[in-house]
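Working notes, beginning with the structure itself.
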Amino acid sequence: MEDILEVYQRPYDPQRPLVCLDETSKQLIAETRVPIAAKPGQPARQDYEYRRNGTANLFMMFAPLEGWRHVKVTDRHTAVDYAHVLKELSETHFPGSAKIVLVQDNLNTHKPASLYEAFPPAEARRLVERFEWHYTPKHGSWLDMAESELGVLSSQCLDRRISDQHLLKQEIEAWEAVRNRKHAKVDWQFTTANARVKLKRLYPHYE
0 MEDILEVYQR
10 PYDPQRPLVC
20 LDETSKQLIA
30 ETRVPIAAKP
40 GQPARQDYEY
50 RRNGTANLFM
60 MFAPLEGWRH
70 VKVTDRHTAV
80 DYAHVLKELS
90 ETHFPGSAKI
100 VLVQDNLNTH
110 KPASLYEAFP
120 PAEARRLVER
130 FEWHYTPKHG
140 SWLDMAESEL
150 GVLSSQCLDR
160 RISDQHLLKQ
170 EIEAWEAVRN
180 RKHAKVDWQF
190 TTANARVKLK
200 RLYPHYE
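Following numbering that gives the first Met the number 0, the numbering of the sequence shown begins with 0 at its first residue and continues without gaps.
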C-alpha cells in the first residue's frame, strides 16, 4: 500500500508517465421488443425481457496526471490479451517515454510472464523493461485509480442495455473523447501519513 501511495506522490514527469490499469467485463444484452421512446407526459418504456448476447472485456488504461484514458474492448481477458494491451501502451500511446510507471492489481495475468506468452523472448524482455511494475495489495484494489475511472465509465456510459460489441465500442469511444477533451484528472488526497492513522490496525504492533 505504501509503495502505491509513494508513487502517487511523485511529481509529474513526462518521461516517466504514471499509468493505472484495470479491467472489467460488460454483459451484452439485446432487446427482444423495440423500446418505446419517451414523449410528453410519458417516460420511455422498455420490456423486462431481454436476450443475452455474450460478454466483452474492457481494459482501462488511465494516466491520471495526464488526464488521459483509453479503453480497449476485447473478446477475452487472457494473458495474451493483457500482453497486447501493454504493447499498445508502450508503442502507441507512450512511445517516447523513458519508462512507464505501471500500477495494477494482482490478477494472475497481470504479470511480466504474460508477455512471454504473447511475444518471442527478446521482444517480451524489451517490453518488460519498458515498465516500472507496481501492484496494489491483496484486497486493496481500491488503490488503483483505474478502478475508479471504470466506475465513472460504468455510471456515465454503461449503465444500460448495450446489444453488441460494435455499439459498445462506439459508446465507449464517445465517452472517452469527452473525458479526454476535458483532461479529467483525479485529485488523490490519501497519503502514507493518512494510512498510518486511518489504517493503523493493519500495521504490526510493537511494545
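Glycine is no exception: its CB is placed at the ideal position from the N, C-alpha and C atoms.
Closer than 6 Å by C-beta to residue i: which residues in its own chain qualify, once you throw out the five before and the five after it? Chain order, please.
i    : result
K98  : R15 and E131
L103 : A small fix is needed here, since residue 103 is Gln in this sequence, not Leu. Excluding positions up to five away in sequence, the list reads L20 and H109.
Y7   : W187
A82  : S113, L114 and A117
T73  : N56 and D80
L17  : L64 and V100
F93  : P16 and I99
Near residue i, which residues of its chain fall below 7 Å by C-beta distance, leaving aside the five closest residues on each side in sequence?
i    : result
C156 : E170, I171 and W174
M0   : P136, G139, L142 and A194
Y115 : A123
V151 : none
Residue i by DSSP, collapsed to three states: which one?
i    : result
Q41  : strand
D143 : coil
Y134 : strand
K25  : strand
R9   : coil
L57  : strand
R50  : strand
L149 : helix
L17  : strand
A36  : coil
R129 : coil
R159 : coil
Use the C-beta contact count for residue i: other C-beta atoms within 10 angstroms, 16 or more gives buried, fewer gives exposed.
i    : result
N39  : A quick correction: the sequence has Pro, not Asn, at residue 39. Exposed is the call here.
R51  : exposed
E5   : exposed
E148 : buried
K25  : buried
P63  : buried
E146 : buried
R68  : buried
S153 : exposed
Y134 : buried
L126 : buried
L167 : buried
H204 : exposed
Closer than 8 Å by C-beta to residue i: which residues in its own chain qualify, once you throw out the five before and the five after it? Chain order, please.
i    : result
K71  : L57, F58, M60, V84 and E87
A37  : A43
A192 : none
H182 : E65, G66 and W67
Y202 : R195
Segment contact flag, the region 113-121 with the region 146-166, C-beta cutoff 8 Å, min 3 pairs: no
What are the uninterrupted segments assigned as alpha helix (DSSP H) that are 4 or more residues long and contained completely in the region 76-114, given in chain order? 78-87
Any alpha helix (DSSP H) of 4 or more consecutive residues that is wholly inside the region 173-205: 191-197
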